[in-house]
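Engineer: Here it is, the structure, as structure tokens.
There are 2 protein chains.
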Amino acid sequence: MATGRTHRPATRSRGIPEATVARLPLYLRALTALSERSVPTVSSEELAAAAGVNSAKLRKDFSYLGSYGTRGVGYDVEYLVYQISRELGLTQDWPVVIVGIGNLGAALANYGGFASRGFRVAALIDADPAMAGKPVAGIPVQHADDLEKIIQDNGVSIGVIATPAGAAQAVCDRLVAAGVTSILNFAPTVLSVPEGVDVRKVDLSIELQILAFHEQRKAGEEAAASDGGVPTAAARSDSTDQGPDGDMPAVMPA
Amino acid sequence: MATGRTHRPATRSRGIPEATVARLPLYLRALTALSERSVPTVSSEELAAAAGVNSAKLRKDFSYLGSYGTRGVGYDVEYLVYQISRELGLTQDWPVVIVGIGNLGAALANYGGFASRGFRVAALIDADPAMAGKPVAGIPVQHADDLEKIIQDNGVSIGVIATPAGAAQAVCDRLVAAGVTSILNFAPTVLSVPEGVDVRKVDLSIELQILAFHEQRKAGEEAAASDGGVPTAAARSDSTDQGPDGDMPAVMPA
DNA sequence: CCATCTTTGTGCACGCGTTCACAAAGACAT
DNA sequence: ATGTCTTTGTGAACGCGTGCACAAAGATGG
């Protein structure tokens, strides 16, 4: 997962709960797909299914933004796309720098999902002099020495760190000193930042470990079930859960 | 961060709260670093700082695993590494397949964080015949036609999807049919899976959008503050929060 | 053996997030 | 207009997660 922020009281920003903010991009994606198929309106039930959430939750989420639906009809797709985009700040252009152009950095530079959402890769930065000038995803890589200048010239406030863990904190410090106030961190380290700077983290290995935990649990239960054996202290398992996955089929309407 | 599962009563697996499970890898990483520096014991306060969490939370998390600490001393690093590894199921070897060897898939194949945590890339799979046989990260790419055979021959239960969005559901269906029960999805789509299959999702674009939201809010507040202006309906802001961000793992367990 | 000091483990209270369930609101037909 | 039907918006209840604060446990020294 991406583990989100670390400590801090989970203050709700601007009256909109964090949990809701985290789902808005999900709704936006589903709505964009509907928009491309020229669907004019959508009910909370349909949209919720497309986004993979509960419809009551979706309605409550939208209620924080205002009353944008029409009872008996549903939500106007285009209007909602606009409202959510505006709420997320995607109506403006966000220049982003990616630091650390290894395999992952290159993948991020090539990722199409950015441009379509108001993000623009302003620069690619790497510490390796051999990389300098080499184009990745059509953008020439620049040397880390120029980091501060690049940030300031482009008015960058969002930085992506894709360096090895050892370099991450130093890069982070320089980014922050140069004026970056939001950081997306792919390096497996806890970054310490001054107040007012947001950090979100994505750690691939952590996601896999969480999956492994559940996988092990499933395997254990299955074994216990077929064995009929009593759970031992070494491989205890309980039966207090009704099923591993109480999910709804996230059905996409045809 | 990864956006994880969607709804679901957040059943706690085996008595260990999901939120705790999500933090165990974090502790494990910090402990591993301590272990490499041959630190024998660590207090909850120190470890919490290293992992970026509250010490009370850490102690409570560990209490779900059992009483592994010594009062007045702290926790034995090696012992704790072992206990958490075992709890997460990392003492066994997890063969993993990566489907979709584009930029991202290649980056994942090269990612070092897997092998060190008990994960082994058993195969790389791509639908492009031109990729077949080409080695990526030292592993020859295999064609998607052989997906089922590869899964079964290697006893794979964890799959990583790094294909374009359009192909993701079809790949997912085939993985599940072949026996995969845990999926890490990088494609920007909601996957629908049968009960008993866990899906975790990582969406880079979503993470950036959440950052943009907070960034916009910070910019708005700053403007309002220097203006001294009254928040308008279009750009309202409040002052009831002391800090920009709460956590909220956008990832919920499956 | 007793006193003191450190650090764990946890009972408890509080707040956020989720879900249910329903009244209010509007569309649409007659 | 009036009634019916659909779907929103939300009040209220519940449950999980968090953090405080402290008692219990053990180390350590005299």
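Here the protein sequences line up with chains A and B, keeping their order. Using UniProt numbering, the first residue of the first sequence is number 1, and each one after it goes up by one. Using UniProt numbering, the first residue of the second sequence is number 1, and each one after it goes up by one. Even glycine gets a Cβ: it sits at the ideal position worked out from N, Cα and C.
Anything in chain A within Cβ reach of A56 of chain B, meaning under 9 Å, just list it in chain order.
Structural biologist: Simply none; closest approach about 11 Å.
Engineer: Applying a beta-carbon distance threshold of less than 9 Å, which residues of chain A neighbour E36 of chain B?
Structural biologist: Within 9 Å Cβ-Cβ: nothing; E36 of chain B doesn't reach chain A, min ~12 Å.
Engineer: Going by C-alpha distance, which of B:L108, B:R23 and B:E148 is nearest F186 of chain B?
Structural biologist: Ranking the options by Cα distance to F186 of chain B, first place goes to B:L108.
Engineer: Please compile the residues from chain B whose C-beta is within a distance smaller than 7 Å of the C-beta of D173 of chain A.
Structural biologist: Here the premise fails: no neighbours, minimum Cβ distance about 16 Å.
Engineer: Just to make sure I have the definition right: I need the residues of chain B whose C-beta is within less than 8 Å of the C-beta of A212 of chain A. Which are they?
Structural biologist: Result: L88, G89, L90, W94, G118, F119, I158 and S182.
Engineer: Excluding the 5 residues preceding and the 5 following L34 of chain A in the sequence, name in chain order all residues of the same chain whose CB lies nearer than 7 Å to its CB.
Structural biologist: Answer for L34 of chain A: V42 and V77, listed in chain order.
Engineer: Can you look up residue 291 of chain A in the DSSP assignment and give me helix, strand or coil?
Structural biologist: Missing from the structure shown is residue 291 of chain A; chain A here goes from 1 to 254 and no further.
Engineer: Would you decide whether Y79 of chain A is buried or exposed? Buried here means 16 or more other CB atoms lie within 10 Å of its CB.
Structural biologist: Label assigned to Y79 of chain A: exposed.
Engineer: Step through the CB atoms of chain A and report whether any lies within less than 8 Å of the CB of A187 of chain B.
Structural biologist: Not an interface residue.
Engineer: Using a Cβ-Cβ cut-off of 7 Å (strictly less than) and excluding sequence neighbours within five positions of V73 of chain A, which residues of its own chain qualify?
Structural biologist: Excluding residues within five positions, the ones whose Cβ falls inside 7 Å are T41.
Engineer: Helix, strand or coil for I125 of chain A per DSSP?
Structural biologist: It is a strand residue.
Engineer: Which word fits E46 of chain A, buried or exposed, when buried means at least 16 other C-beta atoms lie within 10 angstroms of its C-beta?
Structural biologist: It is buried - the Cβ of E46 of chain A has at least 16 other Cβ atoms within 10 Å.
Engineer: Mapping DSSP to helix, strand and coil, what is K134 of chain A?
Structural biologist: Of the three classes helix, strand and coil, the one that applies to K134 of chain A here is coil, per DSSP.
Engineer: So, with DSSP's three-state summary, where would you put G74 of chain B?
Structural biologist: Here G74 of chain B sits in strand by DSSP.
Engineer: Would the beta-carbon of V97 of chain A fall within 8 Å of that of I151 of chain A?
Structural biologist: Closer than 8 Å, so yes.
Engineer: Quick one: list the residues of chain A neighbouring V21 of chain B, beta-carbon separation under 7 Å, in chain order.
Structural biologist: Neighbours of V21 of chain B on chain A, chain order: I210 and F213.
Engineer: Start and end of the beta strand (DSSP E) containing R37 of chain B?
Structural biologist: Careful: R37 of chain B lies outside any beta strand (DSSP E) and carries neither H nor E.
Engineer: DSSP state of P25 of chain B, grouped into three classes?
Structural biologist: If DSSP states are grouped into helix, strand and coil, P25 of chain B belongs with the helices.
Engineer: Could you name the residues of the region 48 to 76 of chain A whose beta carbon sits closer than 8 Å to any beta carbon of chain B, in the order they occur along the chain?
Structural biologist: So the list reads A50, A51, G52, V53, N54 and K57, given in the order they occur along the chain.
Engineer: Tell whether a beta-carbon distance below 8 Å holds between N110 of chain B and N103 of chain A.
Structural biologist: Cβ distance < 8 Å, so N110 of chain B and N103 of chain A count as in contact.
Engineer: Can you tell me the Cα-Cα spacing of G113 of chain A and L184 of chain B, whole angstroms?
Structural biologist: Rounded to whole angstroms, G113 of chain A to L184 of chain B spans 18 Å at the Cα level.
Engineer: Using C-beta distances below 7 Å, list every residue in its chain close to S55 of chain B, excluding the 5 sequence neighbours before and after it, in chain order.
Structural biologist: Only S44, E45 and A48 meet the Cβ criterion.
Engineer: Looking at the unbroken alpha helix (DSSP H) that takes in G166 of chain A, where does it start and where does it end?
Structural biologist: From DSSP, the alpha helix (DSSP H) with G166 of chain A extends over A165 to A178.
Engineer: Say whether the region 116 to 132 of chain A touches the region 187 to 202 of chain A, bearing in mind that this needs 3 or more beta-carbon pairs closer than 8 Å, one atom from each stretch.
Structural biologist: These segments do not touch.
Engineer: Of all the CB atoms in chain B, is at least one closer than 8 Å to the CB of E46 of chain A?
Structural biologist: Output row for E46 of chain A: interface = no.
Engineer: Measure the alpha-carbon distance for Q209 of chain B versus P95 of chain A and round it to whole angstroms.
Structural biologist: Going by the C-alpha atoms only, they are around 13 Å apart.
Engineer: Going by C-alpha distance, which of A:L28, A:G159 and A:R59 is nearest L90 of chain A?
Structural biologist: Answer by Cα proximity: A:L28.
Engineer: Considering only the beta carbon of each residue, do T163 of chain A and V99 of chain A sit closer than 8 Å?
Structural biologist: Contact: yes.
Engineer: Taking S182 of chain B as part of the beta strand (DSSP E), name the residues at either end of that continuous run.
Structural biologist: Looking at the DSSP string, the run of the beta strand (DSSP E) that includes S182 of chain B is S182 to N185.
Engineer: Which value, in whole angstroms, describes the spacing of the CA atoms of V21 of chain B and Q92 of chain B?
Structural biologist: Taking the straight line joining both Cα atoms gives about 17 Å.
Engineer: How would you list, in chain order, the residues of chain A whose beta-carbon sits under 7 Å from the beta-carbon of G113 of chain B?
Structural biologist: Those within 7 Å of G113 of chain B in chain A are P188, L204 and S205.
Engineer: With DSSP as the reference, label Q142 of chain B as helix, strand or coil.
Structural biologist: Three-state DSSP puts Q142 of chain B in a strand.
Engineer: DSSP state of G220 of chain A, grouped into three classes?
Structural biologist: Looking at G220 of chain A - three-state DSSP - the assignment turns out to be helix.
Engineer: Since I98 of chain A sits in a beta bridge, which residues does DSSP pair it with?
Structural biologist: In the DSSP output, where bridge partners are listed per residue, I98 of chain A has A:L124 and A:V160.
Engineer: Pop quiz: I101 of chain B and V136 of chain B are said to be a contact at Cβ under 8 Å. What is the actual Cβ separation, rounded to whole angstroms?
Structural biologist: Sure, about 6 Å apart at Cβ, within 8 Å.
Engineer: Whole angstroms is fine: what's the gap from R120 of chain B's alpha carbon to D146 of chain B's?
Structural biologist: Their Cα atoms are separated by approximately 19 Å.
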